[in-house]
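So the sequence shown is residues 119 to 496, counted in the numbering used here. All C-beta atoms, glycine included, are put in the ideal place defined by N, C-alpha and C. Here the structure comes first, spelled out in structure tokens, and everything after it is commentary.
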Amino acid sequence: MKNTNRKILIVDDIPANIQILGNILSTQNFQIAYAQSGKQALSVIKHQKLDLILLDIMMPSMDGFEVCQILKSQKETAEIPIIFLTAKADMDSIVKGFEVGGQDYITKPFNSAELLARVNTHILIYEQRKKLKELNENLEGIVKERTQELESAYNRLDHLEKAKTDFLSIISHELRTPLNGLTGLSTLLSQTELSSEQREYIQYLKEVSGRLAKFSEIALLITSLQVQKYEADLIPTAVKYLMESAAEKFEKNTGQKLRLTNVDKDVMIPAAPDLIKKSLEFVLDNAKNHNNNGEIELIANAVKESVEILCHDNGSGFDQEALDHPFELFYNGDFAHVQGTGLSLVAVKLIMDLHGGDIKIENRKNGGASVRLKFKRL
């Protein structure tokens, strides 16, 4: 009873052959449809759902090859398995049958066991193909649904990242406005007649407001770099220009002289100049905060494919926790220093990543610390 829902079309212009095939197939309860010409077969196929076609080759008007070609050219019938029936066992007919799209062939007179074996095999293959196709369609639907969910989640995340960046930008702006006012007022007050104690208070106020302004700037820069919203235009830039610009600003702000070593005007790197200058400023500020006004040196070392800029100081150096956990935000070691020096080095790391470069920190053998920035050389 397992084949009662499986329908087979027999196409043969000889009624006796149809009867023989029908009797053999009925032993396994197949539903049988028949046609005595190619044209009649095409008409039957339009109105019935078939699981297999037994198709005679030698028929008048339209032979089996032509019928097969028509069926295989149509999307609705292309997958139906076709077994050719032929009295010809010659190789040319067999090869042509496969070329036009047939799945198999059976020669007359029919062997019942062979016929049933081939029919059952091709029906099974056909059903497995249909199940696989349905599974693929279901999987495509699931993948499409999951993709839409991921896109929606990504859009929400992108919106949150933008909201975070916008929030920090607003906070930074709102902080800068009163801080600029504090700095200006502090400067004006320092120019008036004040006691030594009052001058200490004013100086402390200037330092605190400057530190807070710097923190605001670094926090916004880190956020922009982390969410990859910072579009850097890397251009050929002289290392000498970068180092001298950072040194000039450092000396102007601190009144402390720097030593520049091995600065060659012809050494170039691909860089976003403002970002690299900012990196050097952060590194120099970090060195000053831990150096107790000792000597700070910027050194350029150029080899064939890379350039290193080193910042050496003679201060206390990095503690072991900082060396074990470099550039981790909010770590409780030296990088989370109350003055924000660690935060600035995190920003330097992100800037170096943007340039495809590298940053390393270490303590010097004779005391002090070293920060090494490595770039690709042009």
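Between which two residues does the beta strand (DSSP E) carrying residue i extend?
i	result
residue 425	424-431
residue 388	386-389
residue 121	Residue 121 -> no beta strand (DSSP E), and no H or E assigned at all.
residue 178	Where residue 178 is concerned, there is no enclosing beta strand (DSSP E), given that its DSSP letter is neither H nor E.
residue 335	That residue, residue 335, is in no beta strand (DSSP E); its alpha helix (DSSP H) goes 314-344.
Work out the CA separation of residue j and residue i for me, nearest whole Å.
i	j	result
residue 350	residue 325	31 Å
residue 198	residue 244	7 Å
residue 238	residue 270	48 Å
residue 303	residue 327	11 Å
residue 159	residue 191	15 Å
residue 319	residue 371	20 Å
residue 228	residue 129	15 Å
residue 391	residue 418	16 Å
residue 263	residue 150	42 Å
residue 277	residue 424	39 Å
residue 398	residue 361	7 Å
residue 132	residue 154	7 Å
residue 477	residue 489	7 Å
residue 475	residue 467	9 Å
residue 310	residue 316	11 Å
residue 408	residue 305	26 Å
residue 380	residue 436	25 Å
residue 179	residue 161	15 Å
residue 134	residue 163	22 Å
residue 177	residue 236	22 Å
residue 249	residue 464	55 Å
residue 487	residue 363	22 Å
residue 266	residue 343	28 Å
residue 473	residue 313	50 Å
residue 430	residue 485	10 Å
Count the other C-beta atoms from every protein chain shown that fall within 10 angstroms of the C-beta of residue i, then say buried if there are 16 or more, exposed otherwise.
i	result
residue 480	exposed
residue 251	exposed
residue 458	Because residue 458 carries a pLDDT of 42, less than 50, the predicted location of this residue cannot be relied on, and the following value inherits that uncertainty. That one is buried.
residue 216	exposed
residue 242	exposed
residue 247	exposed
residue 182	buried
residue 298	exposed
residue 420	buried
residue 152	buried
residue 165	exposed
residue 396	buried
residue 221	buried
residue 416	buried
residue 253	exposed
residue 365	buried
In chain order, what residues of the same chain have a beta carbon less than 6 Å from the beta carbon of residue i, not counting five sequence neighbours either side?
i	result
residue 403	none
residue 456	Confidence at residue 456 is low in this model, with a pLDDT of 35, below 50, so its placement is unreliable and the value that follows should be read with caution. Once the five neighbours on either side are set aside, residue 456 has no close Cβ partner at all.
residue 301	327
residue 142	230, 233
residue 509	The shown model of the chain, from 119 to 496, leaves out residue 509, and the question about it has no answer.
residue 394	360
residue 189	195
residue 308	320
residue 469	393, 397
residue 218	183, 186, 187
Tell me, which residues are paired with residue i by DSSP?
i	result
residue 202	173, 223
residue 185	According to DSSP, residue 185 bridges with nothing at all.
residue 152	128
residue 476	492
residue 265	None, per the DSSP bridge assignment.
residue 481	487
residue 379	417
Leaving out five residues before and five after residue i in sequence, what residues of the same chain have Cβ atoms less than 7 Å from its Cβ?
i	result
residue 462	336, 400, 403, 404
residue 444	479
residue 354	386, 388, 496
residue 240	170, 199, 201, 221, 222
residue 413	377, 432
Following the continuous alpha helix (DSSP H) through residue i, name the residue where it begins and the one where it ends.
i	result
residue 490	Taken as a continuous stretch (DSSP letters only), residue 490 belongs to no alpha helix (DSSP H), being part of the beta strand (DSSP E) at 487-494.
residue 356	Element bounds for residue 356: not the alpha helix (DSSP H) but the beta strand (DSSP E), 353-356.
residue 217	209-217
residue 439	438-442
residue 143	133-144
CB of residue i to nearest heavy atom of the ligand FAD: below 7 Å?
i	result
residue 242	With respect to the ligand FAD, the structure shown offers nothing to examine, as it has no ligands at all.
Below 8 Å CB to CB, which residues in the same chain sit around residue i once its five sequence neighbours on both sides are set aside?
i	result
residue 175	181, 182, 183, 202, 203, 204, 206, 211, 215
residue 167	125
residue 375	369
Chain D beta carbons: is any one of them nearer than 8 Å to that of residue i?
i	result
residue 495	The structure shown contains no chain D, having only a single protein chain.
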